[in-house]
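Residue numbers (the working numbering): 445 to 1470.
Below you can see the structure in the form of C-alpha cells.
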C-alpha cells in the first residue's frame, strides 16, 4: 500500500543500513522480528470490538508488512473467487468477467503493466463491491521469440554458449527454468500492486489447457482450409534466424547518409544507410547501359529483371531485350511494369530482386521472373552470390560497390530518406526473404470483426481507435504463424512419406498435399494413410520443426482459460468475457486476433467491450527503453530503490556494455537520490490520475510522491477523526439513512453529506465511462478539500462543546463520511482503505471492505442550496484569511470581523453560519451588517459584488510602526529597481545583452515593480487607518 512516510529511523533502515545508529538498528531489528512472527494471515483480520478499541488507541502509520497480511488474508478467504451458482444466475448487466493481458515471462513487470493492473483491478473491485458476479483471471505468456532471445543472451554472456551447443532438449530445460523464476517474480509483483485476481485459476500459455486449445484450433482451421503452407515473402531476423511478426519489428526513419553498427557483422565497423546508389546494367550485345538505383546494393546479386514503364519513350527500343549481370553473366530480361515503375522518378528504370523486396516480389510474380535467394539464414551471402559468397551482407555491399566501380558501372550515390525495419529483440536489420511458412487466411475473419464493430456488437473505447481498427482490417494480409524457434507450441503438422518411395522434398510446391495436421501423431497417421491410399504401417511422419507465433496461443486466451475446446461448466458460465482492457499499441496484433479466433472457433465474440489505455512514457515523453535507463519496476516505486541498486540492476542485465553506460548516465540524472518509497496505493492512484482517454502518460515519479503524501493525509485525517469517535460512540448499520432525521442537523452536516453524494455519483459515473482521471479528482477533492479542510475543521468546536445533540449528529455524519469515503476509495487504494476501514467503530455487514457494498447515491443527501450557501461562506472565509495574512495577524490573534452584505437574504445565509466562519477565519467576534457602516480602524477586503469584509485592526496593529518598517524596506528595493530600469533603457541594451540575460532582467524587473507597488499600497492603507 502507499504507506505514509516512515519514521526517520525506519527510513534510514530502508535506504542506507550502513548509516544507522545503534538505537535505530535495534528498532529495525525488533520491527523485523515482529513481522516474522506474523504467520497466520487471518490473525490480521478483526477479532473483537475490544481488540479494535485497543488498536484504535495505538493507531499509527501501517508498516509495509500489513499489506502482505492483507493480501494473504484476502486470498485465503476466497474474496476474489466467483462461484458457478453466482455467475450462472447473474443478469447480463450484473456480471463482470475479464482475463488479464498476460505479461511475457521475459523479465519483471514495468510501469505499463502497473497501469494495466491499476485500471483493471479498480474496475474489478468496483464491480465486486456492486455485488456483481465478478471474476478476473491471471496468467502469463511464454512469449516465444522474446523469451528465447533473453535466455540465449544470458547463456552467451554467462557461459559463452549458444542454444545449438546445448541442443534443443537441454536448451528448453533452461528456458523452463527461466520461465519458473520470472513467472514467480511476476506473480509477486501482481500481488504487491494489489491484483484481486482468482489465483486458483492462473494460467500459462503453454500449460495443458492452452496446449490442448492450440492443437485443436490449428487442426480445425487446417481442416477448414484456412491454415495453409506456402513459400512467400516474410520478415526475417538473421540474428535470431526466424520469421517475425510486424509487432516484433521497430521502424526507424533515416533522413540522410548514416553509419550504423549491425549485429552479426564486424563490431569495429559501421555500415552506411540512407543512400541511393546508382549503377548500370549493360544491354546485351551493346555498350548501352540502363542506369538503376538502390538503397540495398548487395541485393543486385539476386536481380532477375529490370522494369520500365511500357509508355516510357526512352526505353521503347529495349522492349523484349536483356541486360547482362556483370558478375555472373546472367541474362536479365527487361520487363514492362506500369504498376511498379514511376517514369518521373530517377531514370525510370527499376532493378528487380523478387526474392528480397516486397514490391519486387509482386512484380516478379506478375512477370514470371526467377526468384533467386542470395542470403543464408544468418545473413551471409550464399553460393548464388558468386565471388562474394561467404561475406556478411553489408560487407558484401561495400565489396560490390568497389567491384562495380572497377568495371566502370558505378554511377555514384546520394542521400536518400528511408525507413529501416529493426528486430526489436536483437537490433538486427530485418531482411525480406522468401521462405516456406505457415499462414492463416484472415479475409473472412477480418470482415466478421469489422461487422461486429459496425453493428455495435463490439465496442471500442476510446472511439477514436475505431478508425485504426477498420484501416488495419480493410487491408488485412494472410497471417504468417510459423517461427523458426525452439521455445513455443510446436506446430501440430506432419509431412507424410511412404516407405521405400523416392525422396519427396517437404518444401516443394507440389508436395503440399503431403502435409497433415492432427492433435496426435496417431490420428495424423490415420489421416495420411487414408488420403495416400496405403496402410498405416507404410506411413513415415516428420513433424514440422517450427513453433507457432506467440499471438496464436494469445488469441485463444479468452476461451482457452475456461477449458475450450471441452464444453466445461466454466466455458458455459464465464465465456464470453465482458471486457478486454489493454494498451492501444496491440489493438491489431493481439486484440483483433482474439476477435478473429473467438468468432471463428466459438461462434461468439470473446468480449463485449475493448478499452484501450494510453502508453506510459517517461517524464520527457520518451518511450520506456532499457537502453535509456527509464524502465522502472513497480516494486522500485512501491518499496523505494537506491541509485546504487538501480545501477546494479543494469549491470546484471543483458544490455551491451555501451548501452549499460548510457542507461547509467540517464538514471543518475533522473534519480540522483534513487526512487523514494511511495507504496502500492500511491502508485495505483497516481497512474489512474494520469489516465486521460487518448493521451499518453508522461510519468514523473515526483508526482507519485505527491500521492504518497495524500495517503499520509488520509491516514492522519482518519486518525484524528477517530479520536472524536471514542468514548462509547457506536454507529447503527442504518446510520446513513437516519442521520438527517436527528433533532439537530447543522448546515455543515447537510453540506458534507451533499458533497459526499456528489463524489459517489461522480465515482460511479466515472467507472462506468472509464474516466479514471475524473474518478481520482472526485476522490481527492472530497477527502482533502471537502472533508479535511472544511468539515473536520468546522466540527472541532462541536466535538469539544456542550451541545450533545449537535455533537451526536457531527459524530454520525463524520462516521458516515469516513465509512462511505473509504469504500469509495477502495478500488483505487485497496491497502490503506482496508487498514483504516477495519479500525472504524461499530459492526459492519462484511468481514472485509473488498466485499462491502460500493456506495450508491442517497436520494435525501443532495442539497444544492446548502452547497451554494456554504460556497459563499467559504469565499468570505478565504477573504478573511487573506486579510489576516496581509496584515501579519498570527493565529493567536482573534480580531473582530464585520461582514457587510448587499441585502438581508445574503446576510441571513452568512449569519446562519457565523459559528463556522468564526472557526475557520479564527475570528474573535463577527457580525453581519447591511445598512450600517463598519467602525473606524477597519481594513476592508471585497469578496464579490454583494459582500465586503472588514477586520478591526485598531489595537492589534501599530500603524505608525508598520509604516516606518515598510518605508525602510521600500528604500532598500527602490535603488535596485531604478538601477535595473536604467540598464534596460540604454540604447545598446537590445543589441549587446544576450537574449537569456534580457529575459532574466525582464522577470526581475516585473518582480521588483510588483513588490514596490504592494509596499506602496500597504503604506497608503496604513495611513488611512491612522
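Note that CB positions come from ideal geometry on N, CA and C, so glycine has one too.
- Exposure of residue 603 is indicated by the presence of fewer than 16 other C-beta atoms within 10 angstroms of its C-beta.
- If you check the CB distance, residue 1131 and residue 559 come in under 8 Å.
- In this structure the region 735 to 745 touches the region 800 to 820; the number of beta carbon pairs closer than 8 Å is three or more.
- For residue 765, the three-state secondary structure derived from DSSP is coil.
- Membership of residue 780 in the beta strand (DSSP E) is indicated by the continuous run 775 to 780.
- Proximity to residue 1462 across 1406, 567, 862 and 1430 peaks at 1406, based on C-alpha coordinates.
- Nearest neighbour of residue 994 by Cα position, chosen from 561, 692, 567 and 1444, turns out to be 692.
- Annotation: the continuous beta strand (DSSP E) that includes residue 1057 extends over 1053 to 1057.
- Proximity to residue 1181 across 1089, 1299 and 762 peaks at 1299, based on C-alpha coordinates.
- Straight across, the Cα-Cα distance linking residue 853 with residue 841 is about 15 Å.
- In the structure shown, residue 884 adopts extended strand secondary structure according to DSSP, grouped into three states.
- Nearest Cα to residue 689 within the set 638, 1023, 922 and 1290: 922.
- Within the region 782 to 831, the complete beta strand (DSSP E) runs of at least 3 residues fall at 793 to 796.
- Here DSSP, grouped into helix, strand and coil, assigns residue 1155 to helix.
- By the beta-carbon neighbour count (other beta carbons within 10 angstroms, threshold 16), residue 1357 is buried.
- Separation of residue 1140 and residue 531 (C-alpha to C-alpha, rounded to the nearest whole angstrom) is 36 Å.
- When the alpha-carbon of residue 1176 is set against those of 677, 1263 and 801, the nearest one is in 1263.
- In the DSSP assignment, residue 725 forms a beta bridge with 734.
- In this structure, the alpha-carbon of residue 766 lies about 25 Å from that of residue 825.
- Of the residues assessed, residue 789 falls on the exposed side of the cut-off, its CB having fewer than 16 other CB atoms within 10 angstroms.
- Restricted to the region 1000 to 1039, the alpha helix (DSSP H) segments that are unbroken, complete and at least 4 residues in length are 1001 to 1004 and 1013 to 1018, listed in chain order.
- Judged by DSSP secondary structure, residue 1461 falls within the alpha helix (DSSP H) whose first and last residues are 1439 to 1469.
- In the pairwise beta carbon analysis, the region 904 to 912 is classified as not touching the region 933 to 942: fewer than three pairs are separated by under 8 Å.
- In the structure shown, the three-state DSSP call for residue 836 is strand.
- With fewer than 16 other Cβ atoms inside 10 Å of its own Cβ, residue 1315 counts as exposed.
- The region 1210 to 1268 is shown to contain whole alpha helix (DSSP H) runs of 4 or more residues at 1216 to 1224 and 1237 to 1243, in chain order.
- The beta carbons of residue 1354 and residue 1361 sit closer together than 8 Å.
- Here residue 625 is exposed, its C-beta having fewer than 16 other C-beta atoms within 10 Å.
- Collapsing the DSSP output to three states places residue 1394 in a strand.
- Note on geometry: alpha-carbon atoms of residue 866 and residue 735 lie some 29 Å from one another.
- Nearest neighbour of residue 547 by Cα position, chosen from 526, 583 and 523, turns out to be 583.
- Pairing residue 524 with residue 1053, the inter-Cα distance amounts to about 22 Å.
- In this structure, the alpha-carbon of residue 787 lies about 17 Å from that of residue 724.
- Shown here, residue 876 sits in a strand according to DSSP, grouped into three states.
- Going by beta carbons, residue 870 and residue 684 fall inside the 8 Å limit.
- In the three-state reduction of the DSSP assignment, residue 938 falls in the strand class, which pools E and B.
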